[in-house]
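Heads up: the structure comes next, in structure tokens.
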Amino acid sequence: MTEDRTLTTLSAAAAVAMLAAAWMIFVYAPQDALEGPVQRIFYLHVGSAVAAFGSFALVLAGGVAFLWKDSVRGDRLARAGALVGLVFTTNTFVMGMIWAKPIWNWDPSQTWDARLTSTAALWVIYAGYLLVRRFATPGRPAMRLAAVVGIVGFIDVPVVYFSVQWWRTLHPGPVILAAGGPQLPPEMLLTAGVTTLAVCFLAGVMVAVRYRIEARRDEQEERAVAAQLAPSRTSAP
Amino acid sequence: MDSIVQGTPGLRFLTVALTVARKDVRCELRGRELLPALAQFIVLALVIANFAFDVDLVQGPRLAPGILWLVLVFAGLVAFGRAFAAEKETGSLEAMLLTPAGAAAVFTGKALAAAAMLVACEAVLLPAMAVFLGSPMSPLVVATVLLATIGMAALGCLFAALAAQTRARELLLPVLALPAWVPFVVVGGRAVQLAMSGQSLTALPLAGQPLLVLADFDILFLVVACLAARFVLDD
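Those protein sequence lines, which keep their order, are chains A and B.
Going by my numbering, the first sequence opens with residue 43, and the numbers climb by one from there.
Going by my numbering, the second sequence opens with residue 27, and the numbers climb by one from there.
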């Protein structure tokens, strides 16, 4: 029960952090001279992308832990990370499209940006990861196959990141990690930093909650198996 | 059999892989099941593309790169899917894995044979495209397609082996393999577009040379697939 109380406290803290980030985005950060209010999407767009990549890193770490040490906990972490990562990828994706609409005069039938396409590929890979879990024999076989998909899928993450440099695209190059130092005013940089931290914290809490749900589900399944085995044990001579 | 058991680990791996590949190719040559069906599939796909796009002399060369990759990707799904589904149906994959041969070597052999099958498809596809769509067949197009086949076979066979162990293998293979092939289609598509429009690649910077990037992808995904194969095949 203390674990559940900790999770409730952490969830409340994440909500407060997101509210603080919202204040910084809409009140503290200055308006962009060229793009106007739409530019404020930037903070959550980048924050969600970082949180999504972080969650997929957890899928990788969990998969490696399962294959190497046979750790069921690692697999549970990967399950939680995949789901949360998918939510934040969707978020990044939708926000990017909303932002691109007025700024690039974006129209999906006219412009297929490389970053957009590879993010869609990333999304489908992790959706496939969840499908493997559904279609494989439950238990260890599903964990083993999913771990492989999670590890191979993660290789797509750097391809997404570097696709901006590899193929010419409309998507801007790195702004914060640019070669000549950050190309943002200090207020915007601070807002971006705080928002990214807040979104990552929220993602972390979501992973923890999901991990708890998965742990409960595993316990329930174990109990169900034990209950089915119990009568046959008593009837045996 | 003695030649398989003896020798250094590297040589042993290679011998096992080649033996498995030879077995698959021989099965195909004797049974003649997959190749005629695939060749028919390719010609049919081109005929449908011809009607669907209403191809004429002007449009043909412009649409050809896209049609090439679409047909190749779907032919690949069929070829790689069959490679493991057939073994699974007869239960011979388990028998092969019970032998002292390593899972990675068996996987490499299966991938080699499947890649050879796809190369045979390409030998039908490229001339057929020249006939149906009037697209030029340059050495650059052939080199691009062959380089992409290596990496696609590595990833495709890995996911085919994985999907063969699940309930919905026909459904799962495209869902897993298609997004993983995106890098090959993006880089290969660009190279074929340039080659078919008659431009040379020398104008591009060294780091952006599609053939080099494809070779990099091949090495990366070959290593990843061989490392992961053990966990996929190990029941």
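Cβ coordinates follow ideal geometry from the N, Cα and C atoms, glycine included.
- Identification of chain B residues near A/Pro180 by a Cβ-Cβ cut-off of 9 Å yields none; the smallest Cβ-Cβ distance measures about 11 Å.
- Where A/Thr48 is concerned, the enclosing alpha helix (DSSP H) starts and stops at 44-65.
- According to the DSSP assignment, A/Thr132 belongs to the alpha helix (DSSP H) that extends over 114-145.
- Taking C-beta separations shorter than 7 Å and ignoring five residues to either side along the sequence, the partners of B/Ala180 in its chain run Ala137, Phe247, Leu248, Ala251, following chain order.
- Taking the beta carbon of A/Gly170 as reference, the chain B residues within 8 Å of it are Leu198, Val201, Leu202, Pro205, listed in sequence order.
- One Cα belongs to A/Thr131, the other to A/Pro273, and the distance between them is close to 47 Å.
- No Cβ-Cβ contact shorter than 9 Å links B/Gly117 with B/Val42.
- Taking a C-beta distance under 9 Å as the contact criterion, A/Ala163 and B/Ala186 do not qualify as a contact pair.
- Within the DSSP bridge table, the entry for A/Gly78 names A/Asp74 as partners.
- The beta carbon of B/Ala90 sits closer than 7 Å to those of Met155, Leu159, Ser161, Met222, all from its chain and outside the five residues before and after it, given in chain order.
- Excluding residues up to 5 positions away in sequence, Gly182, Phe185 lie with their Cβ nearer than 6 Å to the Cβ of B/Ala203 in the same chain.
- By the 16-neighbour rule on beta-carbons within 10 angstroms, A/Phe68 is exposed.
- By the CB criterion at 9 Å, B/Phe243 and B/Phe210 fall inside the cutoff.
- Judged by beta-carbon spacing, A/Glu45 lies within the 9 Å limit of A/Arg254, meaning their Cβ atoms are closer than that value.
- Listed along the chain, the chain A residues whose CB falls inside 9 Å of the CB of B/Val250 are Ile193, Val194, Ile197.
- Contact note: A/Arg186 reaches chain B through Phe257, using a C-beta cutoff of 7 Å and chain order.
- Shown here for B/Ala131: same chain residues with a beta carbon closer than 7 Å to its own, the five before and five after excluded, namely Phe39, Val42, Ala43 in chain order.
- Excluding residues up to 5 positions away in sequence, Ala56, Ala59 lie with their Cβ nearer than 6 Å to the Cβ of A/Phe243 in the same chain.
- With 16 or more neighbouring CB atoms inside 10 Å of its own CB, B/Asp50 falls in the buried class.
- Assignment of alpha helix (DSSP H) within the region 133-193 of chain B, counting only whole runs of 4 or more residues, yields 165-189 in chain order.
- Residues of the region 105-128 of chain A that bring their beta carbon within less than 8 Å of a beta carbon in chain B comprise Leu109, in sequence order.
- Using a CB distance cut-off of 9 Å, A/Ile167 counts as an interface residue toward chain B.
- Residue state for B/Gly215 is assigned as helix, using DSSP reduced to three classes.
- In the DSSP assignment, B/Gly57 falls within the unbroken alpha helix (DSSP H) covering 35-57.
- In the DSSP assignment, B/Ser223 falls outside any alpha helix (DSSP H) and carries neither an H nor an E.
- CA-CA distance, A/Met248 to B/Leu64, rounds to 47 Å.
- According to the DSSP assignment, A/Pro183 belongs to the alpha helix (DSSP H) that extends over 182-196.
- Against chain B, a Cβ distance below 7 Å from A/Pro227 picks out nothing, because the smallest value is about 33 Å.
- Here the C-alpha atom of A/Val92 lies approximately 13 Å from the C-alpha atom of A/Gly123.
- When DSSP states are grouped into helix, strand and coil, A/Ala178 belongs to the coil group.
- Taking C-alpha positions only, B/Arg58 is separated from B/Ala127 by approximately 27 Å.
- At least one C-beta of chain A is nearer than 9 Å to the C-beta of B/Thr192.
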